[in-house]
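2 protein chains.
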Amino acid sequence: MVTDSNTEQKILDAAEEVFHQKGYDGARMQEIAEEAGINKGLLHYYFKTKDKLFEAIFSMALNRMVSKISAILDLDISLDQKIDLIVEQYMALFTRNPNLPRFVLNELNKNPDEFIARHFNGDIKRAFAGFAVSVQREIEKGTIQPIDPRHLLMNMISLIIFPFIGRPMIQVVFGIDNTEFKKLISERREHIKRFLNAALRP
Amino acid sequence: MVTDSNTEQKILDAAEEVFHQKGYDGARMQEIAEEAGINKGLLHYYFKTKDKLFEAIFSMALNRMVSKISAILDLDISLDQKIDLIVEQYMALFTRNPNLPRFVLNELNKNPDEFIARHFNGDIKRAFAGFAVSVQREIEKGTIQPIDPRHLLMNMISLIIFPFIGRPMIQVVFGIDNTEFKKLISERREHIKRFLNAALRP
DNA sequence: GTCTATATCATGATAGAC
DNA sequence: GTCTATCATGATATAGAC
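The listed protein sequences correspond, in order, to chains A and B. For the first sequence, position 68 (counting from the first letter as 1) is numbered 68 according to my numbering, and the numbering increases by one without interruption. Count along the second sequence starting at 1, add 202, and that's the number in my numbering.
Structural data, given as structure tokens:
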């Protein structure tokens, strides 16, 4: 796909912005066109339908969500190091793309079967299986407390993702503005690592 | 709670079902009417606009999300007991209403200012302030490790909410069906309590 | 209160000039 | 490739009979 002009890229950037923020149902082709600095006619020239454009955006988004964790879980490093890497990389990813997790989780939920079948390869399932084994090994060595690896993985992801999905509510409850929220997020990197290590220590 | 089989209640039940599942943008008045066993004309007779109907549903949903935690944080009981109550009550609430957290967090995110101003009373802010004090007290007594009360509260909510928002992805990664997912959730009640206690112990 | 029919409008998509 | 103009559909909302 050797695309000539950069119009296609401008469209993809605009579509990502709008879809991530408003979801498939809330997004308007008109708004995407405006955001890209073109008109609807040209938008449909590049992507025949809203569905095809969405598909391109969603596919990239889902890939960005799962590729990192598959790779990290596969590494031959200690559990402690895996936690560090996952926290660092995903906090950074979601800081750059605050709407990414909500978008992916939402759209996945609307059409679970369709999307999952189309996009999920077996990588992440295999990576988790390997992770479960390495957790079991640490438990047997006595370096961490006994724990179901599924709950452990969910806990890590939960702690990382929630602030981005719950941001508006968080800012109200804590009475903080955008600047203070960013500070809270940056502190949270270290907090999550400490918290997980404390929970796991024998 | 014996549901009146009067028309207004049937509409509210149907609207809750559809709005919670598809959000404001994805919901169709036609579908709500069908779900309620009436037609669009009558639906508009009871609720003049889609906005008004949505407002009724969202208001109830947000209230169900925050009222419990405000009440629990206000109780004069130990931190340990508060954690127990929050985990028990919210896991039960979300088990009965699996789409509630996604719905509320999503819609809140789309119009943060508008909704927050209209619906949030100061209860939860005050409750959190009290919670922060009691956490500080436990830290000083040495019964728990030092921790930022904001992160602690976020951690509790994170661990509870995520499985419901991330359900489709979770089932794929762990390769489990609906029955096994329900079992995972029921185990998770105790897991979260143990995990939080382990992380907090001095 | 409840229904059918219809008005109004927004949006995805196409046609055709340049 | 890019634009303007237009179509076709579907959704909210209203009017009016019963």
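Just so it is clear, CB atoms sit at the ideal spot from N, CA and C, and this is done for glycine as well.
Handout entry: Integer Cβ distance of B:THR209 from B:TYR248, believed to fall under 8 angstroms
Key = 7 angstroms
Practice task
Between the Cα of B:MET267 and those of B:ASN308, B:GLU233 and B:LYS250, spot the shortest distance and give me the residue it belongs to.
Solution key: B:ASN308
Problem - Secondary structure, alpha helix (DSSP H): runs of 4+ residues fully inside the segment 40–79 of chain A - result: Runs of the alpha helix (DSSP H) lying entirely within the segment 40–79 of chain A, each at least 4 residues long, are 40–46 and 50–74 in chain order.
Exercise for the section: Return the residue from the list A:GLU35, A:ARG189 and A:PRO202 that minimises the CA-CA distance to A:ASP13. Expected result: The residue with the shortest Cα to Cα distance from A:ASP13 is A:GLU35.
Exercise for the section: Determine, using beta-carbon pairs with one atom in the segment 81–93 of chain A and one in the segment 152–161 of chain A, whether at least three such pairs fall under 8 angstroms. Expected result: yes
Handout entry: Neighbour list for B:LEU287 in chain A, Cβ cutoff strictly below 7 angstroms
Key = Result: empty, since nearest Cβ-Cβ is about 18 angstroms, beyond 7 angstroms.
Problem - Per-residue burial, B:PRO303 [other beta carbons within 10 Å of its own, 16 or more giving buried] - result: Buried, because 16 or more other Cβ atoms sit within 10 Å of the Cβ of B:PRO303.
Problem - chain B contact for A:GLN81 (CB, 8 angstroms cutoff) - result: no
Handout entry: B:ARG328: contacting residues in chain A (beta-carbon distance under 9 angstroms)
Key = Within 9 angstroms Cβ-Cβ: nothing; B:ARG328 doesn't reach chain A, min ~10 angstroms.
Exercise for the section: Alpha carbon to alpha carbon, how far is A:THR49 from A:ILE32? Give it in angstroms, no decimals. Expected result: 13 angstroms
Practice task
Using a Cβ-Cβ cut-off of 8 angstroms, state whether B:PRO370 counts as contacting chain A.
Solution key: yes
Exercise for the section: Decide if B:ASN241 is buried, meaning its Cβ has at least 16 other Cβ atoms within 10 Å, or exposed. Expected result: Sixteen is the threshold: since fewer than 16 other Cβ atoms of the shown chains lie within 10 Å of the Cβ of B:ASN241, the residue is exposed.
Exercise for the section: Using alpha carbons as the reference points, say which of A:LYS125, A:ILE160 and A:LYS110 lies closest to A:MET91. Expected result: Nearest of A:LYS125, A:ILE160 and A:LYS110 to A:MET91, Cα basis: A:ILE160.
Exercise for the section: Please name the residue, chosen from A:VAL173, A:GLU190, A:ARG194 and A:PHE164, that lies closest to A:PHE103 on a Cα-to-Cα basis. Expected result: With respect to the C-alpha of A:PHE103, the residue from A:VAL173, A:GLU190, A:ARG194 and A:PHE164 having the closest C-alpha is A:PHE164.
Exercise for the section: Indicate the three-state DSSP secondary structure (helix, strand or coil) for B:THR345 in the structure shown. Expected result: coil
Practice task
Pick out whichever of B:LEU275, B:GLU316 and B:PRO370 has its Cα sitting closest to the Cα of A:HIS119.
Solution key: Considering only B:LEU275, B:GLU316 and B:PRO370, the residue with the shortest C-alpha distance to A:HIS119 is B:PRO370.
Handout entry: Interface partners of B:ASN308 on chain A, CB under 9 angstroms
Key = GLY23, ARG102, ASN106 and ILE165
Handout entry: Neighbourhood of B:PHE383 by C-beta, 6 angstroms cutoff - its chain only, sequence neighbours within 5 removed
Key = GLN373
Exercise for the section: Under 6 angstroms Cβ to Cβ from B:HIS222, same chain only, skipping five residues before and after it: list those, please. Expected result: ASN301 and PHE305
Problem - At least 3 beta-carbon pairs within less than 8 angstroms: the segment 137–149 of chain A vs the segment 58–76 of chain A - result: no
Handout entry: Close beta carbons around B:GLU340, own chain, < 6 angstroms, minus the five adjacent residues each side
Key = LEU281 and ILE346
Problem - Any C-beta of chain A under 8 angstroms from that of B:ASN265 - result: Not one chain A Cβ lies under 8 angstroms of B:ASN265.
Problem - Under 7 angstroms by beta carbon: chain A residues contacting B:ARG352 - result: Against chain A, a Cβ distance below 7 angstroms from B:ARG352 picks out PHE174 and LEU184.
Practice task
Measuring only between beta-carbons, confirm whether A:GLY130 sits less than 8 angstroms from chain B.
Solution key: No Cβ of chain B is located within less than 8 angstroms of the beta carbon of A:GLY130.
Practice task
Starting from A:ILE168, trace the alpha helix (DSSP H) both ways and give me its first and last residue.
Solution key: Here residue 168 of chain A turns out to be Pro, not Ile, going by the sequence shown. Segment 167–174, the alpha helix (DSSP H) holding A:PRO168.
Practice task
Using the Cα positions of B:LYS312 and A:LYS22, report the straight-line distance between them to the nearest angstrom.
Solution key: If I take the Cα positions, the gap works out to 7 angstroms.
Exercise for the section: Output yes or no for whether 8 angstroms exceeds the beta carbon distance between A:ILE77 and A:ILE124. Expected result: no
Practice task
Examine chain A for any beta-carbon lying closer than 8 angstroms to the beta-carbon of B:ILE318, and answer yes or no.
Solution key: B:ILE318 has a beta carbon lying within less than 8 angstroms of a beta carbon in chain A.
Exercise for the section: Return the chain-ordered list of same chain residues with a C-beta closer than 8 angstroms to the C-beta of B:ASN198, the five sequence neighbours on each side being excluded. Expected result: With chain B running from 203 to 404 in the structure shown, residue 198 of chain B is simply not present.
Exercise for the section: To the nearest angstrom, report how far apart B:MET203 and B:GLN211 are at their CA atoms. Expected result: Note that B:MET203 has pLDDT 43, beneath the 50 cutoff, so the model's placement of it is unreliable and no number is given.
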